[in-house]
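Let me begin by presenting the structure, written as structure tokens, before commenting on it.
2 protein chains.
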Amino acid sequence: MHVLITGAAGMIGRKLAMRLAEDGELNGTPIDRLTLVDVLAPPQPEEFGGKIEALSADIGDPTTVRSAVAKRPDVIFHLAAVVSGEAELDFDKGMRVNFHASRGLLEAVRAVGDGYRPRLVFSSSIAVFGAPFPDAIPDDFLAAPLTSYGMQKAMVELLLADYTRRGFLEGVGIRLPSIVVRPGPPNQAASGFFSSIIREPLNGKEATLPVDQNILHWYASPRAAVGFLVHAAELTKEELGPRINLTMPGVCCTVGEQIAALRRVAGDRVAARIRPAPDPFVARIVAGWPCRFDPRRALALGFRAEASFDEIIRIHIVDELGGSFVH
Amino acid sequence: MHVLITGAAGMIGRKLAMRLAEDGELNGTPIDRLTLVDVLAPPQPEEFGGKIEALSADIGDPTTVRSAVAKRPDVIFHLAAVVSGEAELDFDKGMRVNFHASRGLLEAVRAVGDGYRPRLVFSSSIAVFGAPFPDAIPDDFLAAPLTSYGMQKAMVELLLADYTRRGFLEGVGIRLPSIVVRPGPPNQAASGFFSSIIREPLNGKEATLPVDQNILHWYASPRAAVGFLVHAAELTKEELGPRINLTMPGVCCTVGEQIAALRRVAGDRVAARIRPAPDPFVARIVAGWPCRFDPRRALALGFRAEASFDEIIRIHIVDELGGSFVH
């Protein structure tokens with residue numbers, strides 16, 4: 000099996016490549032070839048026994064996309080994207096990367112023709128939803144995004160579903176919760192603080208909190224996100240049905256509950272490293288984001304997230320910090 | 000006030016141009032200029048006292064769009080589209096006209112800049128919705144179209160809402176019911192038979208019915224559709240709020256009830272001119288279409304359709320047949 004990952008240098012992309020290399024198989028079929036594409040050269044997992052190709056290329060360039068798809072990968076994980084904050088500040092860049100590059104990828108697959116119909120797993124986002132919300136958002140709730148990022152993801156979902164319906168490919172769109180705790184330096188995502196208020200204190204550093212503690216949100220760990228992607232690649236067309244875009248399960252809690260979990264897992268001194276620093280730009284974006292879902296279809300299809308925010312923090316300590324942190 | 004209509008040679012476009020020319024004003028402001036664009040030269044309403052320009056041009060051509068928008072119309076009615084059946088048979092044409100041309104129009108408006116922020120009324124469709132449905136579809140139901148036409152309309156809705164949110168223009172998307180009774184020759188819309196089973200018998204001709212009589216659907220007259228468009232142009236930003244795409248009210252009835260209404264209005268001999276002729280292609284498309292809505296927001300905002308299918312037939316007889324028909 001040949002697997003292609005776009006956005007393979009990103010946080011989720013790197014972890015997905017490592018997981019696939021370690022597993023050595025997907026859905027019971029051995030993986031003999033991995034193609035990793037990103038604007039920055041993606042790191043290559045060391046454990047992998049098959050052929051690996053890491054390309055530094057712009058997914059928005061039709062030549063890049065066509066040549067990646069010409070090799071007929073059986074499964075494509077399309078993760079490449081400009082994050083929410085950047086797509087809001089630079090409308091044209093967000094449209095180019097998040098929408099047009101995605102459309103180009105779908106078209107490149109369709110152009111191969113000749114019975115080529117790969118599974119294409121698209122990382123969408125709960126940012127496709129916009130306030131006002133019911134108490135728990137059902138699977139048949141409208142996508143009325145309040146960011147350009149959410150709009151671009153929602154448009155790709157529509158395209159993906161129609162390309163799937165027409166038999167051009169086999170798409171699955173998975174709407175990721177906010178993925179925490181992100182390792183490494185902060186990115187431009189407006190949701191970055193959800194991670195940094197956990198990550199920085201565990202590293203002995205101060206973190207700033209740009210929003211109110213009563214902000215409610217929907218989370219899963221990077222490990223769960225990779226699990227969602229792999230599981231999405233394994234579902235059959237029959238299991239999916241015509242509505243191929245799915246809201247993923249997650250942990251619902253307030254920022255205050257995040258901080259309480261940090262205190263339980265790591266102690267008072269760590270939790271005291273969070274300092275309020277209100278940021279109206281971030282607060283305005285986050286205020287329109289969804290809080291709580293009732294993701295019945297994803298649960299019925301076997302997608303699983305963590306059971307608590309404590310568990311999300313413990314996964315971060317194990318997966319990223321080698322099991323210890325700065326007390 | 001300067002008004003631009005795309006798709007002005009279409010059935011709704013012609014009626015809208017005539018209505019605006021007769022009214023001579025929109026929302027209390029005199030109309031001094033009408034620009035009508037379509038691939039075929041749009042007919043010019045005779046009653047109009049202001050300046051009129053009728054252009055035969057492809058709305059998918061960036062030069063056409065830029066020059067139409069460069070004159071800064073205050074209100075743009077964007078009706079140009081390839082119908083559902085054609086968009087299903089020719090995917091690329093549907094994408095080009097229904098999606099890319101619409102995106103080009105929004106971009107052309109944005110490119111003018113300099114505070115230019117017209118009201119843009121977009122004729123969307125209830126084809127943005129796809130089965131399965133609840134008994135009455137609420138305003139916050141997801142758009143999961145089952146035709147490429149519906150997908151293209153749903154994508155433009157998302158763009159329109161984001162361009163509005165960002166202040167590039169003032170958009171309103173109105174999801175039209177199936178518009179019946181369409182005058183003139185049939186077009187390629189899969190919904191064409193909903194009109195022809197009324198129109199042809201009233202003209203003394205036989206009509207074929209490609210679907211089962213228990214098919215339930217959502218209707219409004221051409222007169223109501225024009226009313227929706229004009230009303231949409233008159234709403235304020237404050238009245239609309241962030242969710243600018245609205246499902247229009249309509250009459251819900253089965254094909255059997257349509258035929259019963261025809262019998263009540265025009266008699267048994269007319270209704271007997273309908274002949275069943277099952278067509279699996281049309282039946283498959285129509286089966287995924289929505290039936291009944293609970294369009295609370297549109298009703299609260301003052302949009303009004305007919306009260307019964309009998310009324311829709313009577314409007315056709317008055318507006319298109321000069322008050323009489325072939326008994």
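Here the protein sequences line up with chains A and U, keeping their order. When we follow numbering that gives the first Met the number 0, the leftmost residue of the first sequence carries the number 0, and every step to the right adds one. When we follow numbering that gives the first Met the number 0, the leftmost residue of the second sequence carries the number 0, and every step to the right adds one. From the three backbone atoms N, C-alpha and C, an ideal C-beta is built for every residue, glycine too.
Whole-number beta carbon distance between V264 of chain A and A219 of chain A, since they are thought to touch under 8 Å: Against the first sequence, residue 219 of chain A aligns to sequence position 220. Against the first sequence, residue 264 of chain A aligns to sequence position 265. With a beta-carbon spacing of about 17 Å, A219 of chain A and V264 of chain A fall beyond the 8 Å limit used to define contacts.
Against M247 of chain U, what residues of chain B qualify as contacts under a CB-to-CB distance less than 9 Å, listed in chain order? The chain inventory of the structure shown lacks chain B, comprising the protein chains A and U.
Let me know if N244 of chain A comes out buried or exposed under the rule of 16 or more other beta-carbons within 10 Å of its beta-carbon. The residue given as residue 244 of chain A occupies position 245 in the first sequence. Buried, since its Cβ has 16 or more Cβ neighbours within 10 Å.
If distances are taken between C-alpha atoms only, which option among U:N26, U:S83, U:F98 and U:E85 comes closest to R118 of chain U? Here residue 118 of chain U corresponds to residue number 119 of the second sequence, with the count starting at 1. It is U:N26 whose Cα lies nearest to the Cα of R118 of chain U.
Can you tell me where the alpha helix (DSSP H) with D332 of chain A in it begins and where it stops? In this structure chain A extends from 0 to 326, so residue 332 of chain A is not present and cannot be described.
Which of helix, strand or coil does DSSP assign to N336 of chain A? In this structure chain A extends from 0 to 326, so residue 336 of chain A is not present and cannot be described.
Cα-Cα, which of A:D309, A:D318, A:T28 and A:S83 is closest to Y148 of chain A? Indexing the first sequence from 1 puts residue 148 of chain A at position 149. Selected option, being the one with the closest Cα: A:S83.
Along chain A, in chain order, which residues have C-beta atoms closer than 8 Å to that of A153 of chain U? The residue given as residue 153 of chain U occupies position 154 in the second sequence. Ordered by position in chain A, the residues that pass the 8 Å Cβ test against A153 of chain U are L157.
I284 of chain A beta carbon less than 8 Å from that of A189 of chain A: Within the first sequence, the letter at position 190 stands for residue 189 of chain A. Within the first sequence, the letter at position 285 stands for residue 284 of chain A. In this structure, I284 of chain A lies closer than 8 Å to A189 of chain A by Cβ.
Taking only beta-carbon positions, decide if L234 of chain U is within less than 8 Å of chain A. Position 235 of the second sequence, counting from 1, holds the residue named residue 234 of chain U. Closer than 8 Å: no.
For R268 of chain U, which residues from the same chain have a beta carbon less than 7 Å from its beta carbon, with the 5 sequence-adjacent residues on both sides left out? Residue 268 of chain U sits at position 269 when you count from the first residue of the second sequence. The answer, listed in chain order, is H326.
What's the gap between the Cα of H230 of chain U and the Cα of V64 of chain U? Taking the first residue of the second sequence as position 1, residue 230 of chain U is located at position 231. Taking the first residue of the second sequence as position 1, residue 64 of chain U is located at position 65. So the two alpha carbons sit approximately 24 Å from each other.
Taking C-beta to C-beta, are A271 of chain A and I312 of chain A nearer than 8 Å? Against the first sequence, residue 271 of chain A aligns to sequence position 272. Against the first sequence, residue 312 of chain A aligns to sequence position 313. Not closer than 8 Å, so no.
Closest by C-alpha distance to R291 of chain U, when choosing among U:Q151, U:F132, U:P241 and U:E319: As a working note, residue 291 of chain U is residue 292 in the second sequence. Among U:Q151, U:F132, U:P241 and U:E319, the Cα nearest to that of R291 of chain U is on U:F132.
Check whether the Cβ of A126 of chain U lies closer than 7 Å to any heavy atom of the ligand GTP, and answer yes or no. Judged by which ligands are present, the structure shown has none, so any question about the ligand GTP falls away.
Nearest-angstrom Cα distance between F302 of chain A and P294 of chain A? Sequence index remark: in the first sequence, residue 302 of chain A carries index 303 (1-based). Sequence index remark: in the first sequence, residue 294 of chain A carries index 295 (1-based). Near 10 Å, if we compare the C-alpha coordinates of P294 of chain A and F302 of chain A.
Y164 of chain A versus L145 of chain U - alpha carbon distance: Within the first sequence, residue 164 of chain A is the residue found at index 165, counting from 1. Within the second sequence, residue 145 of chain U is the residue found at index 146, counting from 1. Reading the sequence as shown, one finds Arg at residue 164 of chain A and not Tyr. Going by the C-alpha atoms only, they are around 8 Å apart.
If contact means a Cβ-Cβ distance below 8 Å, which residues of the region 261-273 of chain U contact chain A? none
Cβ-based neighbour list, R262 of chain U, same chain, cut-off 8 Å, excluding 5 preceding and 5 following: Indexing the second sequence from 1 puts residue 262 of chain U at position 263. Correct list, in chain order: V269 and A270.
Does DSSP put I30 of chain A in a helix, a strand or coil? Position 31 of the first sequence, counted from the first residue, corresponds to residue 30 of chain A. I30 of chain A: coil per DSSP, three-state reduction.
Answer yes if the region 49-56 of chain A comes into contact with the region 100-112 of chain A, meaning at least three C-beta pairs across the two stretches below 8 Å, and no otherwise. These segments do not touch.
Leaving out the 5 sequence neighbours to the left and right, which residues in its chain are closer than 6 Å to P182 of chain U when beta-carbon positions are compared? Counting from 1 along the second sequence, the entry for residue 182 of chain U is found at position 183. Correct list, in chain order: E319.
Please classify N213 of chain A: is it buried, with 16 or more other beta-carbons within 10 angstroms of its beta-carbon, or exposed? Taking the first sequence and counting its residues from 1, one reaches residue 213 of chain A at position 214. Counting Cβ neighbours within 10 Å, N213 of chain A comes out exposed, since fewer than 16 surround it.
State the start and end residues of the unbroken beta strand (DSSP E) segment that holds K236 of chain U. For the purposes of this step, residue 236 of chain U is identified with residue 237 of the second sequence, where counting begins at 1. Here K236 of chain U belongs to no beta strand (DSSP E); instead the alpha helix (DSSP H) covers K236 to L239.
Rounded to the nearest angstrom, what separates L201 of chain U and F324 of chain U at their Cα positions? On the second sequence, residue 201 of chain U is found 202 positions in, with the first residue counted as 1. On the second sequence, residue 324 of chain U is found 325 positions in, with the first residue counted as 1. Approximately 5 Å, taken between the alpha carbons.
Can a CB atom of chain A be found closer than 8 Å to the CB of G9 of chain U? Translated into the one-based positions of the second sequence, residue 9 of chain U becomes position 10. Chain A, which has no Cβ nearer than 8 Å to the Cβ of G9 of chain U, makes this no.
CB-CB under 6 Å to F280 of chain A, same chain, minus the five flanking residues each way: which ones, in chain order? Sequence index remark: in the first sequence, residue 280 of chain A carries index 281 (1-based). Closer than 6 Å at the Cβ level, and outside the excluded window around F280 of chain A, lies no residue.
At 7 Å on the CB atoms, spell out the chain A contacts of R330 of chain U, in chain order. A query on residue 330 of chain U cannot be resolved here, the shown segment of chain U reaching from 0 to 326 and no further.
Tell me where the alpha helix (DSSP H) around K92 of chain U begins and ends. Locating residue 92 of chain U in the second sequence gives position 93, where the first residue counts as 1. Taken as a continuous stretch (DSSP letters only), the alpha helix (DSSP H) holding K92 of chain U covers F90 to G93.
Determine which residues of the region 285-301 of chain A have a Cβ less than 7 Å from any Cβ of chain U, and write them out in chain order. none
Under 8 Å, Cβ to Cβ, is there at least one residue of chain A near G129 of chain U? Locating residue 129 of chain U in the second sequence gives position 130, counting from the first residue. True, the Cβ-Cβ gap to chain A drops below 8 Å.
In the DSSP assignment, find the alpha helix (DSSP H) that holds F193 of chain A and state where it starts and stops. Counting from one through the first sequence, the residue named residue 193 of chain A turns up at place 194. Counting along the chain, the alpha helix (DSSP H) containing F193 of chain A begins and ends at G191 to L201.
DSSP three-state label for S220 of chain A, please. What you label residue 220 of chain A is simply residue 221 of the first sequence in a count that begins at 1. It is coil, neither helix nor strand.
Evaluate T246 of chain U with the Cβ neighbour count: other Cβ atoms within 10 Å of its Cβ, from every protein chain shown; 16 or more gives buried, anything less gives exposed. On the second sequence, position 247 is the one that residue 246 of chain U refers to. T246 of chain U comes out buried.
Exposed or buried, which one is D45 of chain A when buried takes at least 16 other CB atoms within 10 Å? On the first sequence, residue 45 of chain A is found 46 positions in, with the first residue counted as 1. It is Glu, not Asp, that sits at residue 45 of chain A in the sequence shown. Classification of E45 of chain A: exposed, given that the 10 Å Cβ count is below 16.
Over the uninterrupted alpha helix (DSSP H) stretch that includes V264 of chain U, give me the two end residues. Mapped onto the second sequence, residue 264 of chain U falls at position 265. Start and end: V254 to A265.
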